[in-house]
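Report on one structure; see the data block that follows.
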Amino acid sequence: MTGNGIADKSGEGLKIGLYIEDDVLRAGLASLLSQISSVVEIIPPEDLSTHRPVEPTVSLDVFMVTSSNRFHGPKDAGWGGFTASRVLMILEEPELGSEADLFSDHPADSYLMRTGLTVESLGQALSQVVSGQMLMPLSVGRMLMSRAVESPAPTATLTSRETGVLQLLAEGLSNKQIGKRLDISEHGAKRLVGSVLAKLNTPNRTSAVVLAIKAGLL
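Counting in full-length UniProt numbering, the sequence shown runs without a single skipped number right up to 218 at its last residue.
Below you can see the structure in the form of structure tokens.
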């Protein structure tokens with residue numbers, strides 16, 4: 001574990017894809033990332049372009065985007081040379097008041113507010129994202145709770161164990177942490193999480209929790 005609150009991955013360090021279209025924000029994030037000792041490579045937008053495919057495929061630990069981007073992930077832009085384990089989206093404060101469905105429009109694995117980002121907070125966020133935890137700003141959670149009554153409940157029926165897993169997902173726990181909490185293996189936890197996502201017809205943990213909150217399941 002480094003002083004910036006982020007752990008090395010077998011001594012290899014983290015590869016971060018920084019697809020931020022706003023020049024000022026990109027420069028600021030690149031500066032913060034350069035001060036996190038476990039980040040060994042920051043790949044800029046020009047190297048993520050479809051016009052410059054990378055062979056063999058480069059595996060990114062975290063793909064960082066902002067909700068103001070035209071593209072919100074590697075699949076959106078068709079970057080055949082890159083794959084990403086996690087997508088971390090930076091949110092702007094004004095967007096929280098929008099009537100648009102923020103998470104349907106901008107699907108990602110975790111979300112982080114742009115306001116108040118520091119080397120320490122970004123380093124801790126990356127550590128959590130890489131470990132499989134889900135990040136959701138408190139202000140976003142409150143917004144979703146206020147809109148929960150507006151959405152009908154999903155038709156899928158969850159078992160009591162799956163409902164418990166959903167509650168743990170809402171706490172932001174990783175598969176390993178869920179396994180420890182339920183006294184089962186990490187693989188068993190992964191299967192339960194997959195079952196929850198399948199029943200709720202959601203692509204990732206964040207979407208499942210958002211749907212559950214809006215439907216009044218949590």
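Don't be surprised by glycine CBs; every beta carbon is placed ideally from N, CA and C.
| Query | Result |
| --- | --- |
| Near residue 149, what residues of its chain come up, given a Cβ to Cβ distance below 6 angstroms and the 5 sequence neighbours on each side ignored? | Caution is warranted here: a pLDDT of 48 is assigned to residue 149, below 50, making its placement in the model unreliable, and no coordinate value can be reported. |
| Hey, residue 62 and residue 129: beta-carbon distance below 7 angstroms or not? | yes |
| Is residue 16 helix, strand or coil by DSSP? | strand |
| Give me the Cβ distance between residue 206 and residue 136, rounded to the nearest whole Å; I'm assuming they're in contact under 8 angstroms. | 7 angstroms |
| Starting from residue 110, trace the beta strand (DSSP E) both ways and give me its first and last residue. | 110-113 |
| Out of 182, 14 and 126, which has the shortest C-alpha to C-alpha gap to residue 43? | 14 |
| Which word fits residue 209, buried or exposed, when buried means at least 16 other C-beta atoms lie within 10 angstroms of its C-beta? | buried |
| Which of the three DSSP states is assigned to residue 206 in this structure? | helix |
| Between which residues of its own chain and residue 204 is the CB-CB distance below 6 angstroms, once the five residues before and five after are set aside? | 109 |
| Going by CA-CA distance only, name the one from 91, 163, 214 and 216 that's closest to residue 67. | 91 |
| Taking C-alpha atoms, which residue in 20, 163 and 182 lies nearest to residue 212? | 163 |
| If you drop the 5 nearest sequence neighbours on each side, which residues of the same chain put their C-beta closer than 6 angstroms to that of residue 133? | 172 and 174 |
| Leaving out the 5 sequence neighbours to the left and right, which residues in its chain are closer than 8 angstroms to residue 32 when beta-carbon positions are compared? | 117, 118, 119 and 122 |
| Measuring straight from C-alpha to C-alpha, what distance separates residue 36 and residue 217? | 38 angstroms |
| Terminal residues of the continuous beta strand (DSSP E) containing residue 43? | 39-43 |
| If you follow the alpha helix (DSSP H) that residue 177 is in, where does it begin and where does it stop? | 175-182 |
| For the alpha helix (DSSP H) containing residue 120, name the first residue and the last one. | 119-130 |
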